[in-house]
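Structure first, then comments.
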DNA sequence: CTGGCTGCAAATCTTTTGCATCCTG
DNA sequence: CAGGATGCAAAAGATTTGCAGCCAG
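Protein chains in written order, with the numbering used here: chain X, 4 to 141; chain V, 4 to 141.
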């Protein structure tokens with residue numbers, strides 16, 4: 004926790020509650036997930052605070068924003084380089100730490116300077132395969 | 004054009020205008036881009052029609068929906084399997100047709116049945132590198 | 001004490017929906 | 001001529017913003 008203060012991230016009770024929720028969380032929660040979980044402890048918690056906090060954390064590279072859903076940002080508190088495996092039925096996202104080194108042949112780079120890559124694997128998770136899909140909106 | 008009618012896709016003047024706009028377009032346009040371009044010819048064109056048409060095309064696999072931006076869907080009229088290279092400064096997206104075969108070791112699959120993958124390469128395009136970034140909102 | 005943080009409400013942006021009308025096949 | 005498509009306006013969902021009051025450093 005001290006590390007946050009050191010990098011100029013002011014710790015408030017709300018922020019600590021969010022950090023607690025994110026600690027070790029590998030469910031790639033959305034802003035809504037975070038809001039719902041944390042507002043149980045902080046009934047006055049607002050979305051503005053969730054978004055502010057997540058923006059600040061992303062800026063300090065303490066969290067990664069995922070563009071997996073089109074119109075719902077999700078957050079990954081694990082900032083180690085890794086890829087994702089996404090269930091096409093229930094949208095669950097799990098981490099894949101296998102390393103892949105990918106290169107684009109020069110002829111195909113179109114002048115870009117490559118800085119990195121992200122692999123999204125798609126599949127069907129074990130629950131959905133067995134006919135017990137986790138409920139989601141879509 | 005005949006091929007659309009054959010697969011049960013009813014052709015209206017608006018739809019033909021959208022298809023014309025998409026033909027050979029490799030700029031991965033958003034609904035807004037499509038709406039703006041096509042409504043010049045069809046002043047009464049509505050977003051509802053753009054979304055309806057794109058949904059219908061996606062369902063017939065004539066177009067692919069891209070989740071590159073968080074809350075702005077983009078469309079790719081090129082349905083051949085390929086990956087994308089995205090400029091982190093101006094959000095331009097270019098196609099990469101190099102083939103990569105990626106596999107997740109069994110131990111890391113967590114019971115998933117893998118169906119596919121998508122690679123997003125990140126980089127800085129030649130214009131942004133040279134200090135002439137294409138204007139975007141963000 | 002001061003600048004950054006909070007929380008409410010209102011605004012914004014993208015996408016969806018309801019529905020009466022229109023027109024392709 | 002029937003069923004799907006259109007287009008308007010309103011609704012919905014996610015995120016952002018304005019701003020007054022609060023509190024960590």
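In this text, a Cβ means the ideal position worked out from N, Cα and C, and glycines have one as well.
Is the beta carbon of residue j closer than 8 Å to that of residue i?
i	j	result
residue 39 of chain V	residue 73 of chain X	no
residue 126 of chain V	residue 37 of chain X	no
residue 8 of chain X	residue 56 of chain X	no
residue 115 of chain V	residue 128 of chain X	yes
residue 123 of chain X	residue 28 of chain V	no
residue 101 of chain X	residue 113 of chain V	no
residue 25 of chain V	residue 108 of chain V	no
residue 10 of chain V	residue 41 of chain V	no
For residue i, does the count of other Cβ atoms within 10 angstroms reach 16, so buried, or fall short, so exposed?
i	result
residue 133 of chain X	exposed
residue 106 of chain X	exposed
residue 44 of chain X	exposed
residue 139 of chain X	Annotation note: pLDDT 47 at residue 139 of chain X (below 50); position unreliable, coordinate value reported separately. By the 10 Å Cβ count, residue 139 of chain X comes out exposed.
Using DSSP with H/G/I as helix, E/B as strand and the rest coil, what is residue i?
i	result
residue 56 of chain X	helix
residue 71 of chain V	coil
residue 82 of chain V	coil
residue 125 of chain V	strand
residue 116 of chain V	strand
residue 90 of chain V	strand
residue 44 of chain X	coil
residue 106 of chain V	coil
Quiz item: Taking one C-beta from the region 97-110 of chain X and one from the region 70-87 of chain X each time, how about it: are there three or more such pairs within less than 8 Å?
Solution: Taking 8 Å as the limit for Cβ pairs, the verdict is that the region 70-87 of chain X does touch the region 97-110 of chain X.
Practice problem: Using a Cβ-Cβ cut-off of less than 7 Å, list which residues of the region 27-38 of chain V approach chain X; keep chain order. | Solution: Residues passing the 7 Å Cβ filter: none.
Practice problem: Please list the residues of the region 78-99 of chain X that have a C-beta atom closer than 8 Å to any C-beta atom in chain V, keeping them in chain order. | Solution: So the close ones are 88, 90, 91, 97, 99.
Exercise. Give a yes or no on contact between the region 16-34 of chain V and the region 43-51 of chain V, applying the rule of three or more CB pairs nearer than 8 Å.
Key: With the cut-off at 8 Å, the region 16-34 of chain V and the region 43-51 of chain V touch.
Quiz item: Counting pairs of beta carbons, one from the region 62-70 of chain V and one from the region 56-63 of chain X, are three or more of them closer than 8 Å?
Solution: Flag = no, the region 62-70 of chain V and the region 56-63 of chain X do not touch.
Quiz item: Which of the residues in the region 102-135 of chain X, read from start to end, lie with their CB under 8 Å from any CB of chain V?
Solution: From the region 102-135 of chain X, only 103, 105, 107, 108, 111, 112, 113, 114, 115, 116, 117, 118, 119, 120, 121, 122, 123, 124, 125, 126, 127, 128, 129, 132 have a Cβ closer than 8 Å to chain V.
Quiz item: Between the region 46-79 of chain V and chain X, which residues of the former have a C-beta closer than 8 Å to a C-beta of the latter?
Solution: Of all residues in the region 46-79 of chain V, only 68, 70, 71, 72, 73, 74, 75, 76 come within less than 8 Å of chain X when Cβ atoms are compared, listed by chain position.
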